[in-house]
Amino acid sequence: MRLARTCFMATGLFLALGWASTRAADLAVRTPDLADGKAIAEKWCGHCHMTGPGEKRAGDAAPTFTAIARMPSTTEMSLRAFLQTPHVRMPDYHLTRDESADLVAYILSLSDK
Ligand code: HEC
């Protein structure tokens, strides 16, 4: 009987903690993960774009990420909007909100403006 009660209480505590941490994650401003953003950039964008810092353009079509980061019109908002709109010559990636945030933060980190 005591064991059952302890189990019951433990479950309750566990659920409460789970709820609290989910709420905290929702409320907290998540710090974007630059390493993750870099990995996403290399995986999904590297076919066409030079994604590394200071890389020179190889092909002629896609601008380098450093060049994109340095454009005066590039902001966190513009990149997010860009990633949410299917692009004519770019596939639609369906990145999660966190993945987009990491990717955007990574691209912006290439700028020295
Ligand atoms: C299939 C090739 C291809 C892939 C893959 C690709 N891009 Fe592009 N991207 C292009 C081309 C080509 C352009 C420039 C011409 C244009 O805007 O249509 C471009 C333009 C852009 C621009 C706009 C720059 C401007 O002038 O405003 C951004 C931002 C961008 N790409 C980000 C990304 C990101 C982030 C990824 C990965 C999630 C990605 N691209 C993957 C081909 C690609």
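Once you know that position 12 of the sequence shown is 1076 in our numbering, the rest is easy, because the numbers rise by one and skip nothing. Where a beta carbon is used, it is the ideal one built from N, C-alpha and C, also for glycine.
Distance check between I1171 and each of M1135, R1094, Q1148 places M1135 closest, using alpha-carbon atoms only. Membership of L1174 in any alpha helix (DSSP H) is not indicated, and neither H nor E is assigned to it by DSSP. Relative to the ligand HEC, the beta carbon of L1098 is positioned no closer than 7 Å to any heavy atom.
For E1140, the enclosing alpha helix (DSSP H) stretches over residues 1140 to 1148.
Annotated as proximal: M1114 and T1128, with beta-carbon spacing under 8 Å. Assigned with DSSP and collapsed to three states, G1116 falls in coil, not helix or strand.
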